[in-house]
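>
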C-alpha cells in the first residue's frame, strides 16, 4: 500500500517536465498523497520542482510545500511570484501559512499577503505573525470550531457544518460565552448523543485545559503530553479564545528538540542533516573541534609543567589517554542523565543531594574500574607502586568527573541556560584537562619526585 | 490553571492516608486530572499509593496507573488483588489494559483476566496479548467506530452513538464491507454535512492508509508521521479491520526511541532515569566504562611498543591526549549525523559516496585544525620538525576518524543492527586507539628513530 519512490519514476517525471507536458503530470500525480509529492519534489532540481508545483492543484502542492526541508522550500518559493505563493497559502491552515510567510523576505511578505483573496484568512495570518516565535501564539492555528453556551444542540450542529468547512480536523468543539471567553468544551460524542433541543450550557464540559498566547512551546508540549491532549485551545490575556494547537505540531516540536539535544551531545552546533553541503556541515562541526583542540593543547601544557616527575616515571605518560578518556566518559554519562531528567521534569530534590548521589555512584564505578586497572598494571609492569598510584588517581578522577558532569548542567539550568550545551565536547574537554591535572598531581604525591 | 504538586499537599494527603480517611481523600482528589493523580502517586510510598488507589474511583485511578513509571506501577500492582486489578482494567482501553496484563506475572495474568466482568473486553485483551511486542498488533486498541458501506447516514449516526460509548476519542469512522474488510473511511465533517438518507457507500472516502497487525512499530511511526495521521486502522492478513492505533501511542514511541539513541550516544546502556537507584544506574553505566578502560589500557600497550621513539622525542607524549580526544570527537560527530540521518530515512546514495563526502569534510576540518596546532607548537617549542610531524599526524587521524565514524553505523545498519550502538563510547574508544597508533606511526616516519 505504501508508495515507494523509485529512480525510474523520478526519471519519468523529469522527462514529462522537460517536455512541459502538464496534462500528463497532472494525470500521473493527481491522486498522490501530498507527503509523497513532497518526497518527489525533494529529488527534483528546484527549477523542475517549481514547474511541477505550477502544474498541480494548490490543495495538493500547498501541503507538499509544508513537508519540504526549509532549504528546498526556500529555493522553490524564490521562483514563485507573490500571486502564486498567495494561491498556495489560501489552501493552508493559518498556522502553516504564517510559517511560510515568516520564511520570506520582508519585502515580499506584504506583497504576498496583499494577493491573498480571502480577506479573513489574510487577517488571521497577519495576526499570527505578531506573536513571538516559540510561543503558543505563533504555533496556534485560527481554525477551530467554536459554539456559544446559549445555543441549542441543533443550532450548534448547523453552525458547526458551516465552520467545519475551514477546519481540517475537528478535535474538540470549544464553548465560549457572549464575550468570546473560553468557558469549556464539548465532545463530539456528547453532541452525537444529546437531544436536538438541549442547550449547550446543559451538556458542555466546563473543565478545559488551555494555554495563553504567551506560553512557551516547551510548556505547551509538556502540558499536551502530560494530559494526553490532541488539541489545546489558546486564549489571550483576557481569556478570549484565539486559536488552537494540534498534536501534529507538537510531534514535530518534540522530534526537533530531541534531535537538537542529540546533536549538541555529539558536538554539532546547528541543525544539520546528513545531506547538507560540506560547508554547512563544517560550520556546524568545526567550532566544537576547535574547543577540543584547545583542550588538548591545554592538557599538553599541563603535562609540560610536570616534566620532572614525568621524566623520572615515564610510565605515567602511557596512561594519560586512559585517564582523559575515562574522565570524559563518566562526565558525559552523568551530564546526559541530568539533561534528560531535566527535559522530562524528572529531577527532584536539591543539587546537594543530587551531587551526593552521583558521588556514591562514581565511587562504586571508580572502585570497580580502579581495582581492575591495578591488576593490569601490576601484571604488566610487575610493580605495586605504579599500579597503586595510577589506580588511586583514576578513582579520584572518576569521582570528580561525575560531580562536574552532574553539577554543570544543573547549574546552567538554574541560570536559565539550556543544560544540553553542557553535554558532549564541552564536558569532555573540561574533564580531560581536570582529569590529567588531578592524575599527575596525585601521582606526584604518591610517587614523590 | 496548571496543577502544581507541593510538598505541603503531599504531606496533607499522606496524613489523610495515615488516618485512613477515605472520604476526605475522595473529596480532595475527585476532580483531579489522572495525570496529576499519577504525579501524586509517584511521590507516595507504594503502600500509601495502593491505599489511595483503592479509595478512588477506577475510572480515575486506571488512567493514572497508565501514566506511572513501570517500576512504580509494578510495586502497586503487586499489592492489589486480581479482582482489584481487573476493576482497573475494565476502565481502560484494550491496548492499555493489555500492556498492564503483559507486565504481570504469568500466574496472575489468567486470574486477572478471569475476573474481568465484561466478557468482550476480556476477549479483546486476550487477543491483543497474542501479537508480537513491537508490532502494530500489540500497539493497537480494539476500540473504534466502524460502519458498513450499506448503511444510511442516519443509521450510521444511530450506530455510532452506541459504539462511541466505548471509544474515548472518535478520530475517524472506518467503513467496512459485509465481511468486515476495511474499504474506506468517513470524516466526521462529511457525516455532519450529508443528508440523513444518503448511503454511506455514496459519501465515504475509499482511500485509507492502514497497517497490518505485523507491521513494526517503527514503520507505523514513520507512516503516521509522514502522512500526518492522528489514527491509523490495523487490518489482518485478509484485510479484516482489527483495531486502530492513535497518535498518543506514537508520541510515546518517538520519545522513547529518541531517548534510547541519546542514552546510547552517552554510553548508558539501559533505559534509566535520574531518579533510579545507584545499583540500576551502575549496571547501565559500568559496562561502557569498562570498554573505555580496556581502550585506555590498549592505548598504553601501543605507546609502550613505541618506547624507543618516545624516549627520544618525549614531546610526542604530551600530545597523545589531544590526538585521542580529536579522534573521538570527530568520530562521534560523523556517526551521530549518520545515525540521525538513518533514523529519519534521510541517508540516500551509496556508502562509497558517503565516505568520499566525509573524507572531504574531514580534510577541510583537519587542515584548519592542523594549521592552528602547527603554529601553537612552533610558538611553544620553537622547532618546525615537531610542529610539522604532530600536525600532519592530526590531519591524517581526523580523516581516518571521520571515515570510521561514518562507516561503522552504515555497516551496522546494512547488517540489520541498530546503528545507534556505534555512537558514544564504542566509537570514542576505537578511535582513541586507532588515533594513537596512526599518530605514533606517522611521527616515527617523519622524525625517524
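Residue numbers (our numbering), protein chains in the order written: chain A, 41 to 489; chain B, 41 to 489.
Every residue gets a Cβ at the ideal spot worked out from N, C-alpha and C, and that includes glycine.
Note that the coordinates shown come from a computational prediction; the quantities given were computed from them, not determined experimentally.
1. Is DSSP giving residue 119 of chain B helix, strand or coil here?
2. For residue 339 of chain A, decide whether its Cβ has a neighbour in chain B, counting only Cβ atoms nearer than 8 Å.
3. Using the C-alpha atoms, what's the distance from residue 262 of chain B back to residue 181 of chain B?
4. Starting from the N-terminal side, write out each stretch of the alpha helix (DSSP H) that is 4 residues or longer and does not extend beyond the stretch 135 to 222 of chain B.
5. Does residue 246 of chain B pass the burial test, meaning 16 or more other C-beta atoms within 10 Å, or should it be called exposed?
6. Quick one: list the residues of chain B neighbouring residue 359 of chain A, beta-carbon separation under 8 Å, in chain order.
7. Exposed or buried, which one is residue 486 of chain A when buried takes at least 16 other CB atoms within 10 Å?
8. Looking at the secondary structure, which residues open and close the alpha helix (DSSP H) in which residue 491 of chain A lies?
9. Using 8 Å as the limit for Cβ to Cβ distance, is residue 232 of chain B near chain A?
10. Cα separation between residue 237 of chain B and residue 196 of chain A?
11. Got a sec, what are the start and stop residues for the alpha helix (DSSP H) residue 65 of chain A sits in?
12. What's the call for residue 150 of chain B, buried or exposed, on a 16-neighbour Cβ count within 10 Å?
13. Give, in chain order, every unbroken run of the alpha helix (DSSP H) that is at least 4 residues long and sits entirely within the stretch 257 to 338 of chain B.
14. On a CA-only basis, which of B/306, B/436 and B/395 is nearest residue 375 of chain A? Give me that one, please.
15. Is the CB of residue 91 of chain B under 8 Å away from at least one CB in chain A?
16. At least one CB of chain C closer than 8 Å to the CB of residue 325 of chain A: is that the case?
17. With DSSP as the reference, please indicate the residues paired to residue 239 of chain B in a beta bridge.
18. Distance, Cα to Cα, residue 389 of chain B vs residue 423 of chain A?
19. Go to residue 472 of chain A, then tell me how far its alpha helix (DSSP H) extends in each direction, as first and last residue.
20. Once DSSP output is grouped into helix, strand and coil, what is the label at residue 360 of chain B?
21. For residue 407 of chain A and residue 435 of chain A, I'd like the C-alpha separation in whole angstroms.
22. So with Cβ pairs under 8 Å, would you call residue 381 of chain B a contact of chain A?
23. Rounded to the nearest angstrom, what separates residue 524 of chain A and residue 332 of chain B at their Cα positions?
24. The alpha helix (DSSP H) spanning residue 76 of chain B covers which residue range?
25. Quick one: Cα of residue 121 of chain B to Cα of residue 139 of chain B, how far?
26. Sorted by chain position, which residues of the same chain lie with C-beta nearer than 6 Å to residue 387 of chain A's C-beta, five sequence neighbours on each side aside?
27. Near residue 357 of chain A, what residues of its chain come up, given a Cβ to Cβ distance below 6 Å and the 5 sequence neighbours on each side ignored?
28. How should residue 415 of chain B be labelled, buried or exposed, when 16 other C-beta atoms within 10 angstroms of its C-beta is the threshold for buried?
29. My output table needs one value for residue 394 of chain A: the three-state DSSP class, helix, strand or coil.
30. Looking at the strands, I want to know which residues DSSP matches up with residue 245 of chain A.
31. Count the other CB atoms, across all protein chains shown, that sit within 10 Å of the CB of residue 134 of chain A; report buried if there are 16 or more and exposed otherwise.
32. Check whether the Cβ of residue 295 of chain A lies closer than 8 Å to any Cβ atom in chain B.
33. Is the shortest distance between the beta-carbon of residue 484 of chain B and the beta-carbons of chain A less than 8 Å?
34. Mark residue 97 of chain A as exposed unless 16 or more other C-beta atoms lie within 10 angstroms of its C-beta, in which case mark it buried.
35. Using a cut-off of 8 Å between C-beta atoms, extract the partners of residue 465 of chain A located in chain B.
36. Residue 161 of chain A versus chain B: which residues are under 8 Å apart at the beta carbon?
The relevant details are as follows:
1. Position 79 of the second chain, counting from 1, holds the residue named residue 119 of chain B. It is coil, neither helix nor strand.
2. Stepping through the first chain from its first residue, residue 339 of chain A is reached at position 299. It does; some Cβ of chain B falls within 8 Å.
3. The residue labelled residue 181 of chain B in the question sits at position 141 within the second chain. The residue labelled residue 262 of chain B in the question sits at position 222 within the second chain. If I take the Cα positions, the gap works out to 19 Å.
4. 146 to 155, 159 to 170, 176 to 179 and 193 to 204
5. Within the second chain, numbered from 1, the residue matching residue 246 of chain B stands at position 206. Looking at its Cβ environment, which holds fewer than 16 other Cβ atoms inside 10 Å, residue 246 of chain B is exposed.
6. Within the first chain, numbered from 1, the residue matching residue 359 of chain A stands at position 319. Under the 8 Å cutoff, chain B gives 336 and 340.
7. Position 446 of the first chain, counting from 1, holds the residue named residue 486 of chain A. That one is exposed.
8. Nothing can be reported for residue 491 of chain A: it is not among the residues displayed for chain A, which extend from 41 to 489.
9. Counted from its first residue, the second chain places residue 232 of chain B at position 192. Taking Cβ atoms only, chain A reaches closer than 8 Å to residue 232 of chain B, which makes this a yes.
10. Translated into the one-based positions of the second chain, residue 237 of chain B becomes position 197. Translated into the one-based positions of the first chain, residue 196 of chain A becomes position 156. Rounded to whole angstroms, residue 237 of chain B to residue 196 of chain A spans 21 Å at the Cα level.
11. Taking the first residue of the first chain as position 1, residue 65 of chain A is located at position 25. 62 to 69 is the extent of the alpha helix (DSSP H) around residue 65 of chain A.
12. Taking the second chain and counting its residues from 1, one reaches residue 150 of chain B at position 110. Result: exposed.
13. 257 to 266 and 287 to 305
14. Against the first chain, residue 375 of chain A aligns to sequence position 335. Closest option to residue 375 of chain A, Cα to Cα, is B/306.
15. Mapped onto the second chain, residue 91 of chain B falls at position 51. Not one chain A Cβ lies under 8 Å of residue 91 of chain B.
16. Given the protein chain composition of this structure (A and B), no chain C is represented.
17. To locate residue 239 of chain B, count along the second chain from 1; it is residue 199. Looking at the DSSP assignment, residue 239 of chain B forms a beta bridge with B/192.
18. The sequence position of residue 389 of chain B within the second chain is 349, counting from 1. The sequence position of residue 423 of chain A within the first chain is 383, counting from 1. The straight-line gap from Cα to Cα measures roughly 55 Å.
19. Numbered from 1 along the first chain, position 432 holds the residue referred to as residue 472 of chain A. Looking at the DSSP string, the run of the alpha helix (DSSP H) that includes residue 472 of chain A is 465 to 487.
20. One-based indexing of the second chain puts residue 360 of chain B at position 320. Of the three classes helix, strand and coil, the one that applies to residue 360 of chain B here is helix, per DSSP.
21. Taking the first residue of the first chain as 1, we reach residue 407 of chain A at position 367. Taking the first residue of the first chain as 1, we reach residue 435 of chain A at position 395. Their Cα atoms are separated by approximately 6 Å.
22. Locating residue 381 of chain B in the second chain gives position 341, where the first residue counts as 1. Chain A, which has a Cβ nearer than 8 Å to the Cβ of residue 381 of chain B, makes this yes.
23. Residue 524 of chain A lies beyond the residue range present for chain A, which begins at 41 and ends at 489; the question has no answer from this structure.
24. Working through the second chain from its first residue, we reach residue 76 of chain B at position 36. Run containing residue 76 of chain B: 74 to 83, per the alpha helix (DSSP H) assignment.
25. Counting from 1 along the second chain, the entry for residue 121 of chain B is found at position 81. Counting from 1 along the second chain, the entry for residue 139 of chain B is found at position 99. When rounded, the distance between both Cα atoms is 18 Å.
26. As a working mapping, residue 387 of chain A is identified with position 347 in the first chain. Cβ neighbours of residue 387 of chain A beyond the five flanking positions: 381.
27. Here residue 357 of chain A refers to the residue found at position 317 of the first chain. Once the five neighbours on either side are set aside, the close Cβ partners of residue 357 of chain A are 350.
28. Against the second chain, residue 415 of chain B aligns to sequence position 375. Residue 415 of chain B comes out exposed.
29. Within the first chain, residue 394 of chain A is the residue found at index 354, counting from 1. If DSSP states are grouped into helix, strand and coil, residue 394 of chain A belongs with the helices.
30. As a first step, residue 245 of chain A must be located in the first chain, where it is residue number 205. A/225, per the DSSP bridge assignment.
31. Stepping through the first chain from its first residue, residue 134 of chain A is reached at position 94. With 16 or more Cβ atoms within 10 Å of its Cβ, residue 134 of chain A is classed as buried.
32. Translated into the one-based positions of the first chain, residue 295 of chain A becomes position 255. So, interface residue.
33. For this step, residue 484 of chain B is matched to residue 444 along the second chain. With 8 Å as the cut-off, residue 484 of chain B does not count as an interface residue toward chain A.
34. Working through the first chain from its first residue, we reach residue 97 of chain A at position 57. Exposed is the call here.
35. Position 425 of the first chain holds residue 465 of chain A. Chain B residues near residue 465 of chain A: 369.
36. Mapped onto the first chain, residue 161 of chain A falls at position 121. Ordered by position in chain B, no residue passes the 8 Å Cβ test against residue 161 of chain A, which lies about 19 Å from the chain.
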